[in-house]
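Heads up, the thing below is written out as structure tokens.
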Amino acid sequence: MLSYRAALRRVAALGPHAIGAASVALSLFLTVLAVKTPWAPLPRPVIAAAGLAGTAAVWFRGRWPVAVAVAGAGAYVLSGNPGPLLISLFSGAGTRFLALAAIGMAGFLAQQWVDGGTLGTDALISAVTATGVTLTAGAYVTTRRELTRSLRERAERAETEQRLRNEQARSAERGRIAREMHDVLAHKVTLISLHAGGLEVNASAGPERVEREAALIRVSAQEALEELRKILGVLRAGPDDDDGFPDLRRLVDSWVSAGGTVTLHGDIGTWPPETARAAHRLVQEGLTNAHKHARGAPVTVTATGNREDGVTIAVTNGRSAQPSLETGAGVGLEGLAERFRLIGGTVRGGPDDAGGWRLEGRLPWHAADAFPRESHDQDTAG
């Protein structure tokens, strides 16, 4: 056997149409009892007609609560059936409280006057009590229902927003990974291409030259894989696990050994790690672009900085850059500019006064390495 409250919850869960059907059935049942007893001093056909009219009006209580309450009050006066009046007061209490209170008082008092012929204090108290209890219960249920609906909508909205934030976090992380992969692969693959091109041009080179160039190609490929592993490790574990310090001299030497003309002024060995990493990426991008767009031109790398004035990294070549048909041109510079912007720096690229091309980046001495922190926040949000 279901309890009374459990039965009401099950009916409510069926929806407004099921509740309307149950209300009409209850009113019809009370009308049958009012006719059989009877509950009013009027003829039975009048009681039946008034009860059926009030019962039919109950179905429209949600659309016209005041009109249905008037019909219910009339049906109560003529048939003695309080069902339609009580149901209309209960259902409409959350919208037209005062109007329904007046209609309810009038209906209860009129019915008692028809039934007894007089109105006294007891009749007034009874009418006030019945009307007040019904409206209060209806207002409570309506308010609770609206609150539940509001909380459900807020929960759904919060879930949707969380889903959107997760999508944005994943998109940002994919973008970060793409920038890191571009920085590493573009530089290393360009070096491998440079070495392979040297072998192709010097087809008659001796076995020692071939062996040396092949070894350089193998080392460059291994370094590319190692840097990719480091990037993925930092993405998973955060900045504390990135212990490697970028070696700018080694980077320049790798290009010189591949046949490039690169001169280095300054060093980043004494800079803060996050600032040095950003500078290293800028030099990588500058050397790669110089090889793509001004192949064979001499390149100068300058790194200067101190705690008071910040740091400046510049890559210049002695020939104006030519348009390139290579896929992805410009993507690296956009990613580099975004990297510097997030850690408080700027990047500029363009022709210099000597007719060549200059890529320059500026950073504060202690740059905030925003990329690993973004990854940590996104993992936490997920």
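First residue of the sequence shown: 7, per my numbering; consecutive thereafter. Note that beta-carbon positions come from the ideal geometry of N, C-alpha and C, so glycine has one too. Every value quoted in this text rests on a predicted model; they were computed, and no experiment measured them.
{"Query": "Spatially closest choice to Gly272 from Val38, Ala230, Ala320, by CA coordinates", "Result": "Ala320"}
{"Query": "Beta carbon of Ala105 nearer than 9 Å to that of Val74", "Result": "no"}
{"Query": "Contacting residues, own chain, Cβ-Cβ under 7 Å from Leu342 (five flanking each side not counted)", "Result": "Arg287, Leu288, Glu291, Val353"}
{"Query": "Per-residue DSSP class, three states only, for Thr318", "Result": "strand"}
{"Query": "Beta-bridge partners of Trp363, as assigned by DSSP", "Result": "Asn323, Pro357"}
{"Query": "9 Å Cβ cutoff met for Ala303 and Leu270", "Result": "no"}
{"Query": "Anticipated Cβ contact below 8 Å, Gly113 with Gly78, distance rounded", "Result": "7 Å"}
{"Query": "Distance CB(Trp371)-CB(Ala300) smaller than 9 Å", "Result": "no"}
{"Query": "Residue-chain proximity (Gly302, chain B), Cβ-Cβ < 9 Å", "Result": "No chain B is present in this structure, which holds just one protein chain."}
{"Query": "Separation of Lys42 from Gly126, as counted between CA atoms", "Result": "29 Å"}
{"Query": "DSSP three-state assignment for His372, whether helix, strand or coil", "Result": "coil"}
{"Query": "For Gly89, the first and last residue of its enclosing alpha helix (DSSP H)", "Result": "89-98"}
{"Query": "Range of the contiguous alpha helix (DSSP H) that encloses Ala27", "Result": "22-42"}
{"Query": "Three or more C-beta pairs below 8 Å linking the segment 219-236 and the segment 190-198", "Result": "yes"}
{"Query": "Ala285 and Leu348 closer than 9 Å at C-beta", "Result": "no"}
{"Query": "Rounded straight-line distance, which links the Cα of Ala55 to that of Glu167", "Result": "55 Å"}
{"Query": "Asp249 classed as buried or exposed, judged by whether at least 16 other C-beta atoms fall within 10 angstroms", "Result": "Note that Asp249 has pLDDT 46, beneath the 50 cutoff, so the model's placement of it is unreliable and the number below is only indicative. Answer is exposed; the Cβ neighbour count stays below 16."}
{"Query": "Anticipated Cβ contact below 8 Å, Val83 with Ala116, distance rounded", "Result": "5 Å"}
{"Query": "Exposed unless 16 or more other CB atoms sit within 10 angstroms - verdict on Thr276", "Result": "exposed"}
{"Query": "Alpha-carbon to alpha-carbon, Arg158 and Val52", "Result": "47 Å"}
{"Query": "Alpha carbon of Ser85 to alpha carbon of Gly57, nearest angstrom", "Result": "6 Å"}
{"Query": "With 16 other Cβ atoms within 10 Å as the buried cut-off, status of Pro88", "Result": "buried"}
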